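Enquirer: Let me give you the structure first, and then I'll get to my questions.
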Amino acid sequence: MHSKPFFTHLIGNLMTTRIGDADSGSVLFTCTLGKEPHFFIRQNSLIFRQKHQKDLVLFSDSDSPDEAQHLLNALTDALVRRQKTKLFWRNLFFGLGFLALLAIGSHSVLSETHTTTHVPLDRADATSAPLLPEEHATEKGLMQDPSPALTTLAHNLRAAAQRKIFTVPLTTGHSRTIYVFSDPLCPHCRDLEPTLEAIGKKVNIEIFPVSLIGKKATAEQVIPVLCASPEHRKALWHSLFDDPPLTPSASCDIGEKALAVNDKAFSAYGFRGTPQLISDDGRPIPFSALKNEDTLAIFMNAAHQQEKHHE
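The structure is reproduced here in structure tokens:
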């Protein structure tokens, strides 16, 4: 006799098991997992035991002794999957805590090298040339030599982007990368989008969405984007800037946690406003470097030129 297919789902501490189909099958049982839950077989019956509770018979079938074992296997698989997920996020947030400690060392450097006085970008001008004027930028700022703290920042951002969980890859295939912390409800971030599209023809653009400005409203828009597969995020991200924006899609646990990690990283690194642009060597990018292709190339190559000068 063939075993009945059992499907077990865990939502928080609520466990539900169905027979026949994962979504539409008959519900066999539902139980709430409390302290120290255990499942075991006794005389062809599956027993549920947890601390301070009486044993509960979840399933019994004297005609098919193996059914209880198959059900126990399904429950065990579901519990193992949940434990692996918990360990993944625990390790992820532990890594974030370590990242925050590293950020403390780079915070003073970032504070000295970057200002967040935003100048609105005229969309008409941006169509023809990426232009974000910053009158007080100096050549010294463009030629800043990256410090060890900035190198660490660059390494952390690159590693996070490679995970394909936290970012929206707008453009790829180039040798250099710019990381952008952006909130789609931030006016200056919206103004920057045409500029990113223009410079994305020469460099990779990786967006780290954050909810600095819009808070809950931003989260409702951004989380579905991060829930999507990496190759679909670009189109979804661009749709957030439509007027009106598309109706948000369904949320998911991974997307919620990814946005939370981005928000914590943004704060840990001492960034003070959005949009925040960081080069792939860790230097904050002033808006003056985005005036045109030449100023951007000068800025991106400044560290390399500095190394050659020291040689």
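Under the UniProt record's numbering, the first residue of the sequence shown is numbered 1, with each subsequent residue one higher.
Even glycine gets a Cβ: it sits at the ideal position worked out from N, Cα and C.
Quantities reported herein were computed from a predicted structural model and do not represent experimental measurements.
Less than 9 Å between the beta carbons of D263 and R176, yes or no?
Expert: no
Enquirer: With 16 as the cutoff for other CB atoms within 10 Å, does A235 come out buried or exposed?
Expert: exposed
Enquirer: Buried or exposed for T17, please, with buried defined as at least 16 other CB atoms from any protein chain shown within 10 angstroms of its CB.
Expert: buried
Enquirer: Helix, strand or coil for S60, going by three-state DSSP, please let me know.
Expert: Residue state, collapsed to three classes: strand.
Enquirer: Evaluate the contact criterion for the region 193 to 211 versus the region 285 to 303: three or more CB pairs, one atom per stretch, below 8 Å.
Expert: yes
Enquirer: Taking 9 Å as the threshold (C-beta atoms), are L212 and C186 in contact?
Expert: yes
Enquirer: Under a three-way DSSP split, which group does M15 fall into?
Expert: M15: strand per DSSP, three-state reduction.
Enquirer: Roughly how many whole angstroms lie between the Cα atoms of P24 and M15?
Expert: In the sequence as presented, Pro is not what sits at residue 24; that position holds Ser. Going from the Cα of S24 to the Cα of M15 covers about 16 Å.
Enquirer: To the nearest angstrom, how far is the alpha carbon of K51 from that of D66?
Expert: 27 Å
Enquirer: For a cutoff of 9 Å on Cβ pairs, would you count V168 as touching chain D?
Expert: Any reference to chain D falls outside this structure, which holds one protein chain only.
Enquirer: For Q276, does the three-state DSSP call read helix, strand or coil?
Expert: strand
Enquirer: Grab the span of the beta strand (DSSP E) containing F40 for me, first residue to last.
Expert: H38 to R42
Enquirer: With 16 as the cutoff for other CB atoms within 10 Å, does I285 come out buried or exposed?
Expert: By the 10 Å Cβ count, I285 comes out buried.
Enquirer: In its own chain, which residues sit with a C-beta less than 6 Å from the C-beta of N204, not counting the 5 before and 5 after it?
Expert: If the five residues before and after N204 are omitted, its C-beta is found closer than 6 Å to the C-beta atoms of T171, T172, H174 and T177, all from its own chain and listed in chain order.
Enquirer: Just to check my reading of the structure: L33 and L71 have Cβ atoms closer than 8 Å, yes? What is that Cβ distance to the nearest angstrom?
Expert: Actually they do not touch by this definition, with Cβ atoms about 16 Å apart.
Enquirer: In terms of DSSP beta bridges, what is N301 paired with?
Expert: DSSP output for N301 lists no bridge partner at all.
Enquirer: Given a threshold of 16 other Cβ atoms within 10 Å of its Cβ, counted over all protein chains shown, does residue 392 qualify as buried or as exposed?
Expert: Absent from the model: residue 392. The displayed extent of the chain is 1 to 311, so no value can be given.
Enquirer: Quick one: Cα of A217 to Cα of L157, how far?
Expert: 25 Å
Enquirer: In terms of alpha-carbon separation, which member of R82, L10, V168 and K84 lies closest to E231?
Expert: For E231, the nearest C-alpha among the options comes from V168.
Enquirer: Could you name each continuous beta strand (DSSP E) segment of 3 residues or more that falls completely within the UniProt domain "Thioredoxin-like fold" (174 to 283), going from the start of the chain to the end?
Expert: 177 to 182, 204 to 209 and 276 to 279
Enquirer: Rounded to a whole number of angstroms, what is the C-alpha to C-alpha distance between L296 and Y179?
Expert: 14 Å
Enquirer: Measuring alpha carbon to alpha carbon, tell me which of L192, P209 and R190 ends up nearest A160.
Expert: Closest option to A160, Cα to Cα, is P209.
Enquirer: If you draw a straight line from the alpha carbon of A74 to that of F39, how long is it in whole angstroms?
Expert: Each residue's CA atom was taken as its position, placing A74 and F39 some 11 Å apart.
Enquirer: Tell me the residue span of the beta strand (DSSP E) that contains T152.
Expert: Annotation for T152: no beta strand (DSSP E) segment contains it, though the alpha helix (DSSP H) segment containing it runs P148 to Q162.
Enquirer: For V80, is the classification buried or exposed, using 16 other Cβ atoms within 10 angstroms of its Cβ as the cut-off for buried?
Expert: exposed
Enquirer: Considering only C-alpha positions, which residue in the set V222, D242, A78 and P224 is nearest to D191?
Expert: D242
Enquirer: Which of the three DSSP states, helix, strand or coil, is assigned to S288?
Expert: helix
Enquirer: Helix or strand or just coil, what does DSSP make of L28?
Expert: Looking at L28 - three-state DSSP - the assignment turns out to be strand.
Enquirer: Between the Cα of R82 and those of H9, S60 and D55, spot the shortest distance and give me the residue it belongs to.
Expert: H9
Enquirer: Is DSSP giving L79 helix, strand or coil here?
Expert: helix
Enquirer: DSSP state of L296, grouped into three classes?
Expert: helix
Enquirer: Tell me where the beta strand (DSSP E) around P169 begins and ends.
Expert: V168 to T171
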